[in-house]
Amino acid sequence: MKIARVIGSVVNTIKLDNLHGFKVLWVEPINEKGESCEAAILAVDGVQAGLGSIVLLCQEGISARLVLNSKDAPVDAVIVGVIDSVEVDGKEIIIL
Amino acid sequence: MKIARVIGSVVNTIKLDNLHGFKVLWVEPINEKGESCEAAILAVDGVQAGLGSIVLLCQEGISARLVLNSKDAPVDAVIVGVIDSVEVDGKEIIIL
Amino acid sequence: MKIARVIGSVVNTIKLDNLHGFKVLWVEPINEKGESCEAAILAVDGVQAGLGSIVLLCQEGISARLVLNSKDAPVDAVIVGVIDSVEVDGKEIIIL
Amino acid sequence: MKIARVIGSVVNTIKLDNLHGFKVLWVEPINEKGESCEAAILAVDGVQAGLGSIVLLCQEGISARLVLNSKDAPVDAVIVGVIDSVEVDGKEIIIL
Amino acid sequence: MKIARVIGSVVNTIKLDNLHGFKVLWVEPINEKGESCEAAILAVDGVQAGLGSIVLLCQEGISARLVLNSKDAPVDAVIVGVIDSVEVDGKEIIIL
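Protein chains in written order, with the numbering used here: chain A, 1 to 96; chain B, 97 to 192; chain C, 193 to 288; chain D, 289 to 384; chain E, 385 to 480.
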């Protein structure tokens, strides 16, 4: 998984039936300083994350379908948690 | 998933039987400014996307076979939606 | 999937029984100008591609086993088509 | 798999039920000199690794669920071993 | 798959029961000149490869479990062949 920040959401006008009802968020993986460290990707939302939230991003289709409780959704990434803080070298860090 | 732009399509002369009838598009992942940010890849089309469309790209073989309704198509990526706009930092952005 | 050029083939002296009989090609992913754009990888051949062929490369083990009609071959990539031409921005391009 | 160093752990305040009870560690892949060589990622802990431990990181969801003995945990990486030493070019190296 | 050179092996002191008995090798993917072209990774050994061997590396967990004949080993990469030579542009190349 990766630590990522929610930067936006996607509005689809045409999409497959199996994706209707799911919110797709745009997230950017970040490092321990809160800096973007990889190109932003899209993930379905499993935890009702808000804009700016620091989240736990899981990049596996099987996991995404488990979270959505769907056997046939075509998805490859999902948000599985909202992160409050990270402990690094024994110190608690609040990522903003 | 990734946001991508359709830049072309592929004409195969020899291909496996399990791929016949499926359209293969050439898409380039893009960032929020609409700039290419990764090498272009090929994906089967699940939503009848046109040239220049901004699409939702899913990179998983299981998802691709679900969309094609095929148990034996050898594919690893699929277009699952056409994106109208993206909301970033509370502002709606039309990607062109 | 990716567009790739066949640059060679592999001669194994010791390999697993489940791989015997399959041809392993060395291919390099290329861009629309026909230039190499990523490190070369190995893939089993599903379409009898020749040296120099421009091919459709699928990077998924499940797809590779489907093409080989094998339940137990340890493989993660397969050539699923030979590409004749690509249409980009409405123009047909012959990749050489 | 990759060799990685445990640099921290994650505190989630909101997470999916299927992830409760699992410890999520932050690890950075390293080279034979013990230097970081890739962006840090998150993995569930299968071996009770401590801060600073050099671990064997497996990046596959199926493996992670096997280790957690869970059929429905949405995870894509897991720590499967603590590494004592590595033998390179016939010499034993202690990575610190 | 990738062409890789075996550069070492891993000694684990603590590891999961499902991994006991399997040898874990450290391999670096190489190009046609025999030069390292990617960060080294760990893979279980399916062919009793030795230090310095040029091998066929398969990066898929399902393949690795097929080779190990294990349903529950948490692994994501496996050595499936020892490569004697590679034919590039019609010439046989011995990679050393």
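C-beta atoms are modelled at their ideal positions from N, C-alpha and C, and glycine is treated no differently. Just so you know, these numbers come straight off a predicted model, no measurement behind them.
- For A:GLY81, same chain residues with a beta-carbon under 8 Å away, outside a window of 5 residues either side, are VAL47, VAL55 and LEU56 in chain order.
- Taking 4 residues as the minimum length, the alpha helix (DSSP H) runs contained wholly in the stretch 318-364 of chain D are 349-356, in order along the chain.
- Burial is judged here by how many other beta carbons sit within 10 angstroms of a residue's own beta carbon; D:GLU380 has fewer than 16 and is exposed.
- For A:GLY81, the uninterrupted beta strand (DSSP E) run begins and ends at 78-88, by DSSP.
- In the DSSP annotation of this structure, the continuous segment of the beta strand (DSSP E) that includes C:LYS283 starts and ends at 283-285.
- Taking a C-beta distance under 9 Å as the contact criterion, A:LEU25 and A:ALA39 do not qualify as a contact pair.
- Rounded to the nearest angstrom, the gap between the Cα atoms of A:LEU19 and E:GLY405 is 44 Å.
- Looking at the DSSP output, E:LEU403 shares a beta bridge with no other residue.
- Out of C:GLY282, C:VAL202, C:SER228 and C:GLY242, the CA that lies nearest to the CA of C:ALA196 is found in C:SER228.
- Contact annotation: in the stretch 62-91 of chain A, residues whose CB is within less than 7 Å of a CB in chain B are ASP72, PRO74, VAL75, ASP76 and ALA77.
- The C-beta of D:ILE329 comes closer than 9 Å to at least one C-beta of chain A.
- For the pair D:ILE371 and E:ILE398, the Cα-to-Cα distance works out to about 7 Å.
- Contact check for B:VAL171 and B:LEU162: beta-carbon distance about 11 Å, past the 8 Å limit, so the pair fails to qualify.
- Rounded to whole angstroms, the gap between the alpha carbons of D:LYS290 and B:VAL184 is 35 Å.
- Within chain C, no C-beta atom comes less than 9 Å from the C-beta of B:LYS119; the nearest is roughly 11 Å away.
- Sorting C:GLY282, C:ILE222 and C:SER262 by C-alpha distance to the C-alpha of C:SER245 places C:ILE222 at the top.
- Residue A:VAL86 holds the alpha-carbon nearest to the alpha-carbon of D:VAL298 among A:GLY90, A:VAL86 and A:ILE94.
- When Cβ-Cβ separations below 9 Å define contact, A:GLU28 makes no contact with chain D.
- Exclusion of the five residues before and after B:VAL174 leaves ALA139, VAL140, GLY142, CYS154, SER159, ALA160 and VAL163 as the residues of its chain whose Cβ lies within less than 7 Å of its Cβ.
- Looking only at C:GLY282, C:ILE199 and C:VAL198, the smallest Cα-Cα distance to B:LEU147 is reached by C:GLY282.
- Contacts between B:ASN127 and chain A, judged by CB atoms closer than 8 Å, involve ALA39 and ALA40 in chain order.
- Just so you know, the alpha carbons of D:GLY296 and A:ILE94 end up roughly 13 Å apart.
- As computed with DSSP, E:ILE391 is found in no beta bridge at all.
- At a cut-off of 9 Å between beta-carbon atoms, C:LYS207 makes contact with chain E.
- Each of A:GLU28, A:LYS23, A:GLU32 and A:SER70 was checked against the Cα of D:VAL315, and the nearest Cα belongs to A:GLU32.
- Taking 7 Å as the upper bound on Cβ-Cβ separation, chain A lies near residues GLY142, VAL143 and LEU152 of the stretch 142-153 of chain B.
- In its chain, beyond the 5 residues on either side, VAL198, LEU217, VAL247, ILE271 and VAL274 have a beta carbon closer than 7 Å to the beta carbon of C:ALA241.
- Contact between D:GLU348 and E:GLY418 does not hold, since the beta-carbon distance rounds to 29 Å and is not under 8 Å.
- Our two residues, D:ASP360 and E:ILE425, have alpha carbons roughly 28 Å apart in a direct line.
- A straight line joining the alpha-carbon of A:LEU16 with that of B:LEU112 spans about 26 Å.
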